[in-house]
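Data block below; observations after.
Residue numbers (the numbering used here): 1170 to 1322.
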C-alpha cells in the first residue's frame, strides 16, 4: 500500500512538472516570459521591477559585448604581437603565455556566466545575450579585420 501511494505521488509530481514546464528541481526547462523574481547567477540578483529588469538586461547586453570583444582581442593579439609570423611552434615566453592564459580564463568565465544566464530560460535574458553578441560582432569584427574571434560566445 505504501508503494502505491509513493507511485501515485511520483506520478502526480511528473504531471505537475510536465504541465508547467518545470523539472523536479524547479528549474524551468522551456522558455518563459516570467522574469519577476527569477534569480540571475545569484539569489540576490532577481529583478522584481521594470527598472531592475532594464538594468539587468543592460548588464547582460554589455557582458555579452565584453565576452565577444575578448575573443576578438585574442585574435588581434595573436596576429599582431604574439604570433605575427603564424608559426606553429613557439618558444616559451612568460609574458605572451601568461597573457594568453589570462585572456582564455577571463573569456571562459564570461562565456560560462552567459551560458548560465541563458539557462534561466527567460526570453528577455536570452535575447539580451544574442543582441549583445551581434552588436559586438558588427562593431568589433570591422576593427579587427574580419570575423576573427574564433569559437562561439
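Note that CB positions come from ideal geometry on N, CA and C, so glycine has one too.
Inter-residue spacing [alpha-carbon to alpha-carbon] between residue 1206 and residue 1213: 9 Å
Look at the alpha carbon of residue 1310 and the alpha carbon of residue 1265, and state the distance between them as a whole number of angstroms. Going by the C-alpha atoms only, they are around 23 Å apart.
Please determine if the segment 1249–1266 and the segment 1279–1299 are in contact, where contact requires at least 3 C-beta pairs separated by less than 8 Å. With fewer than three CB-CB distances shorter than 8 Å, the segment 1249–1266 does not count as touching the segment 1279–1299.
Taking only the alpha-carbon atoms, compute the straight-line gap between residue 1383 and residue 1204 and give it to the nearest angstrom. Absent from the structure is residue 1383, since the part of the chain shown begins at 1170 and ends at 1322.
Out of 1210, 1215, 1201, 1228, which one is the CA nearest neighbour of residue 1300? 1228
Of the choices 1240, 1241, 1268, 1239, whose alpha-carbon is the least far from that of residue 1251? 1268
Could you tell me which of 1245, 1253, 1296 sits nearest to residue 1230, measuring between CA atoms? 1296
Short of 6 Å in beta carbon distance, which residues of its chain neighbour residue 1303, apart from the five on each side in sequence? Order them along the chain. The answer is none, since no qualifying residue turns up.
Measure the C-alpha to C-alpha separation of residue 1244 and residue 1274 and round it to an integer number of angstroms. 15 Å
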